[in-house]
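Down below is the structure, laid out as structure tokens.
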DNA sequence: GAATTATATTCGTCTTGACGAATATGTAAA
DNA sequence: TTTACATATTCGTCAAGACGAATATAATTC
């Protein structure tokens, strides 16, 4: 049988939001689908660390992953729990108010506009906006 | 110098919400001020466990305590962070939908109506409703 | 098919936090 | 002032999780 995605759990959801790195990742995703290498570049953190936090978010039912050749794209998905969905939305809005989070997004924009300056992103697929209805939990 | 209440921290806030016992405590408080012995009775848990979780919630800036003779009363306070305040509100509303949380509240009501049947609550001050403007963080 | 690239997982270590048991503190009552 | 009561804190243990380092996997390119 397949790995069996655990049913949505509110405590797990909160635990997932209780970490700075994961909040930064969520802030970067916003309504975009982003490839792992971008997270690594923008957060300036080791790749295994990024992957582990993304896995945690996926287990908590907050993000979903899509494979695209060598690359993996992550995006935020709307949790099945209605309150959690609202909370996630408010959290993202609140993060955007923080200076450090704005700086992260700023660096992301810069990386997208002038990818030539970021050698680790050569050939990497840039983030793409996702339509609000796209967020079903496909793993 | 005094113990120095740490400034409000969003990660800490989420970590505080990421525990079942603490969610039960918050659900019981709702808009009432409740004495520790009631938590112990309703959750049927060891008193030190209850006290530790209440301390955690207090450190996270989610509840405040008031001493009243031998008793300590706890109540929910509105976090200074606007998003956190909203999130807390939604979380409480969401908890009320859960059957187990309703059962907790049900037992609390029963204990208040017929305290004679709960020998651990003899002489304990019953929960009291708090006015919505009362929730400033007095420790 | 071997080398490369992108990402995931494992391992060892350390910190945080949850728990029960025991003990300390703070207040009131005797 | 002892005693009892309500609550808080400490201690030892254990599990979860965060991290860097190393390694494994999966897809692509040569």
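Chains as they are written, first to last, in the working numbering: chain G, 1 to 139; chain V, 1001 to 1139.
All C-beta atoms in this analysis are idealised placements derived from N, C-alpha and C, irrespective of residue type, glycine included.
Close CB contacts of residue 1129(V) within its chain, under the 7 Å cut and outside five residues either way in sequence, are with 1031 and 1032 (chain order). Three or more pairs of CB atoms, one per stretch, sit closer than 8 Å, so the segment 1036-1056 of chain V contacts the segment 1065-1072 of chain V. Residue state for residue 33(G) is assigned as strand, using DSSP reduced to three classes. For the pair residue 90(G) and residue 1086(V), the CB atoms are nearer than the 8 Å cut-off. Within its own chain, the residues whose Cβ lies closer than 7 Å to the Cβ of residue 12(G), once the five positions on either side in sequence are excluded, are 60, listed in chain order.
Counting C-beta atoms within 10 angstroms of its own C-beta, residue 1119(V) has fewer than 16 neighbours from the protein chains shown and is therefore classed as exposed. Under the three-state reduction of DSSP, residue 64(G) is assigned to strand. Spanning the alpha carbons of residue 64(G) and residue 49(G) requires a straight line of approximately 17 Å. Chain order gives no chain V residues near residue 42(G), where near means a beta carbon separation below 9 Å; the closest approach is about 19 Å. By the Cβ-count criterion, residue 1079(V) is buried, with 16 or more other Cβ atoms from all chains shown falling within 10 Å of its own Cβ. Within the model, the alpha-carbon separation for residue 1016(V) versus residue 17(G) is close to 11 Å.
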